[in-house]
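To get our numbering, take the position in the sequence shown, counting from 1, and add 35. By construction, the Cβ of each residue, glycine as well, lies at the ideal position given by its N, Cα and C atoms.
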Amino acid sequence: MSYYISPNFLDKVAVHVTKNFLNLPGVRVPLILGIHGRKGEGKTFQCELVFRRMGFEPVMISGGELESPDAGDPSRLIRLRYREAAEQIRVRGEMCAVFINDLDAGAGRFDSTTQYTVNTQMVNATLMNIADNPHNVQLPGSYDDTPLHRVPIIVTGNDFATLYAPLIRDGRMEKFYWEPSRDDKIGIVGGIFESDRLSKADIVALVDNFSGQAIDFFSALRSRIYDEQIREFIHKIGIEQVSKRLVNTLESPPEFQNPNFSLAHLVEMGNLMVGQQKRIQEMRLVDEYNQSRLFNLKTPANVPDAVPTQSQLNDPSSKYYKAYAAPVAEASNGHVLRLNSEVLEQVQQLLARGCKIGMEYADNRRFKTGSWQSCATIQTAQEKEVVASVETCLAEHGGEYVRLIGIDPKAKRRVVETIIQRPNT
Numbered sequence: 036m037s038y039y040i041s042p043n044f045l046d047k048v049a050v051h052v053t054k055n056f057l058n059l060p061g062v063r064v065p066l067i068l069g070i071h072g073r074k075g076e077g078k079t080f081q082c083e084l085v086f087r088r089m090g091f092e093p094v095m096i097s098g099g100e101l102e103s104p105d106a107g108d109p110s111r112l113i114r115l116r117y118r119e120a121a122e123q124i125r126v127r128g129e130m131c132a133v134f135i136n137d138l139d140a141g142a143g144r145f146d147s148t149t150q151y152t153v154n155t156q157m158v159n160a161t162l163m164n165i166a167d168n169p170h171n172v173q174l175p176g177s178y179d180d181t182p183l184h185r186v187p188i189i190v191t192g193n194d195f196a197t198l199y200a201p202l203i204r205d206g207r208m209e210k211f212y213w214e215p216s217r218d219d220k221i222g223i224v225g226g227i228f229e230s231d232r233l234s235k236a237d238i239v240a241l242v243d244n245f246s247g248q249a250i251d252f253f254s255a256l257r258s259r260i261y262d263e264q265i266r267e268f269i270h271k272i273g274i275e276q277v278s279k280r281l282v283n284t285l286e287s288p289p290e291f292q293n294p295n296f297s298l299a300h301l302v303e304m305g306n307l308m309v310g311q312q313k314r315i316q317e318m319r320l321v322d323e324y325n326q327s328r329l330f331n332l333k334t335p336a337n338v339p340d341a342v343p344t345q346s347q348l349n350d351p352s353s354k355y356y357k358a359y360a361a362p363v364a365e366a367s368n369g370h371v372l373r374l375n376s377e378v379l380e381q382v383q384q385l386l387a388r389g390c391k392i393g394m395e396y397a398d399n400r401r402f403k404t405g406s407w408q409s410c411a412t413i414q415t416a417q418e419k420e421v422v423a424s425v426e427t428c429l430a431e432h433g434g435e436y437v438r439l440i441g442i443d444p445k446a447k448r449r450v451v452e453t454i455i456q457r458p459n460t
């Protein structure tokens, strides 16, 4: 099976590695290359293909190794692996690199509930120190004055905004945002289904049909096609005999014929997988259990219970109170007659940006615990209908907290959470 390497990806990694092995007079070369992008787009696998193409094996570090019960262990590990890579260059006489996978998962800070440990600080400080002094990397408690060979460091992650800002500055880290183009996706997916004899037209149609999905979706889709044969195998021998047949047996492993990889069947199974994704997005139980899931989100639950003064209530810039242009009037049927200008303007801005609008409400008890509940889903993008839905939600929950939600459909995350109604006190 031949795998596709994106020309842009190959160029970026190859240039960075090569540049770190050249002696360019008067040129300060960043030691670290940070490759970031959406989850499941094949950053790690593309890196491995490039390393194989360039003919060397990197020294690996997983993001899960960047924390330890013992303070200082992860930073010592980074120094040890760096020196190991430098030794490989000296002994083998070939290129080498340190490859840290999912750096933001091990050294990033995602929200106010993420613990920022001594190890997190030391990992960031160690990488900064190595980037500034690549020829002098010492292990704790020892000193070796022999200069080391410069070793390029390549890191991957999803969101480098969670990392310590001085670490990712341009002098230390060169950033590369990996977002495969349509041609890249067609090439990669073609490699995934190469042994299944799908035509180029079928590959293009499959990619276009699931254009919003990441690369790993298509790999998972190919695996899903085998479920039918595996299910038939289980029913044939009996579910009670599966363990004995596969683990404790002298028989040869079961063989499976090439399943149905027709375009129609792939699209059918792909739609089932997309449906499962939507179920997770629609349930949103994370709202009830994880109150501070958004990075750097400040919730009203942290505000002291002290009653604000009258001057604070009248001050629109006060951090205790959000003043709106005018009170909201209600009709005899309980429906809100109009939104105030500030809320209406925010709705218009969100719709102009292509965001979806949502509404959530909470009584006093749920507000204190951050357990918001969703109003009826707003499916339309028409301003009048959205405004009507917002007004209806406000009217139905007149004595409760109500907040306006803006959702970016591409990034699939919330970009706005604004409380637009508070209970009368």
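By the three-class DSSP mapping on this structure, what secondary structure does residue i have?
i: D443; result: strand
i: Y359; result: Its pLDDT being 43, under 50, Y359 is placed unreliably in this model, and the value from its coordinates should be taken loosely. Coil at Y359, not helix or strand.
i: I188; result: strand
i: L386; result: helix
i: I392; result: strand
i: L68; result: strand
i: K210; result: strand
i: E418; result: helix
i: E286; result: coil
i: I455; result: strand
i: Q173; result: coil
i: A249; result: coil
i: Y397; result: The residue you asked about is not Tyr; residue 397 is Ala in the sequence shown. Of the three classes helix, strand and coil, the one that applies to A397 here is strand, per DSSP.
i: S409; result: strand
i: L348; result: In this prediction, L348 scores a pLDDT of 49, lower than 50, which makes its location untrustworthy; no coordinate-derived value is stated.
i: V62; result: coil
i: R449; result: strand
i: G77; result: coil
i: R232; result: coil
i: L183; result: coil
i: L198; result: coil
i: L372; result: Any answer about L372 is weak, because its pLDDT of 43 lies below 50 and its placement is not dependable; what the coordinates show is given next. Coil at L372, not helix or strand.
i: F402; result: helix
i: L307; result: helix
Given residue i, which residues of its chain have a CB within under 6 Å of its CB, disregarding the five upstream and five downstream residues?
i: F86; result: P93
i: G305; result: F245 and L256
Please report the residue range of the alpha helix (DSSP H) in which residue i lies.
i: N295; result: Premise fails: N295 is in no alpha helix (DSSP H) and is neither H nor E.
i: K47; result: P42 to N55
i: S278; result: V277 to L281
i: G434; result: It is not in any alpha helix (DSSP H) - G434 carries neither H nor E in the DSSP assignment.
i: K235; result: K235 to N244
i: F268; result: D262 to I272
i: I203; result: Element bounds for I203: n/a, residue is neither H nor E.
i: G225; result: R217 to I227
If you follow the beta strand (DSSP E) that residue i is in, where does it begin and where does it stop?
i: T161; result: Counting along the chain, T161 falls outside any beta strand (DSSP E), though it belongs to the alpha helix (DSSP H) covering V153 to D167.
i: S97; result: V94 to S97
Cβ of residue i within 8 Å of Cβ of residue j?
i: M308; j: R266; result: no
i: V158; j: I113; result: yes
i: V172; j: L183; result: yes
i: M208; j: G434; result: no
i: R204; j: N55; result: no
i: Q424; j: I413; result: Here residue 424 is Ser; the residue named in the question, Gln, does not match the sequence. Yes.
i: I67; j: Y117; result: no
i: V422; j: T415; result: no
i: A106; j: V50; result: no
i: Y39; j: I223; result: yes
i: I96; j: V126; result: no
i: K391; j: P444; result: yes
i: V52; j: C82; result: no
i: G206; j: G141; result: no
i: K447; j: Q316; result: yes
i: L379; j: V451; result: no
Going along the chain, which residues of its own chain have a beta-carbon closer than 7 Å to the beta-carbon of residue i, five neighbours each way excluded?
i: T453; result: Q381, R438 and L439
i: D139; result: G192, N193, D194, F195, T197 and L198
i: D219; result: S41
i: H432; result: Y396
i: L202; result: N159, L162, M163 and M208
i: L298; result: D237, A240 and L241
i: K78; result: I70, G72, T191 and W213
i: P289; result: F268
Short of 8 Å in beta carbon distance, which residues of its chain neighbour residue i, apart from the five on each side in sequence? Order them along the chain.
i: G75; result: A249, I250, D251 and F252
i: G90; result: E129 and M130
i: E214; result: G72, R73 and E76
i: C428; result: M394, Y396, C410, A411 and V437
i: F291; result: Y261, Q264, I265 and F268
i: K271; result: none
Taking 7 Å as the line, does the beta carbon of residue i fall inside it for any heavy atom of the ligand ZN?
i: K47; result: Judged by which ligands are present, the structure shown has none, so any question about the ligand ZN falls away.
Is there at least one Cβ from chain B nearer than 8 Å to residue i's Cβ?
i: G310; result: As a matter of chain content, chain B is missing from the structure shown, which is built from one protein chain.
Quick check on the DSSP output: what are the complete alpha helix (DSSP H) runs of length 4 or more inside the segment 99–143, in order along the chain?
108–127 and 138–142
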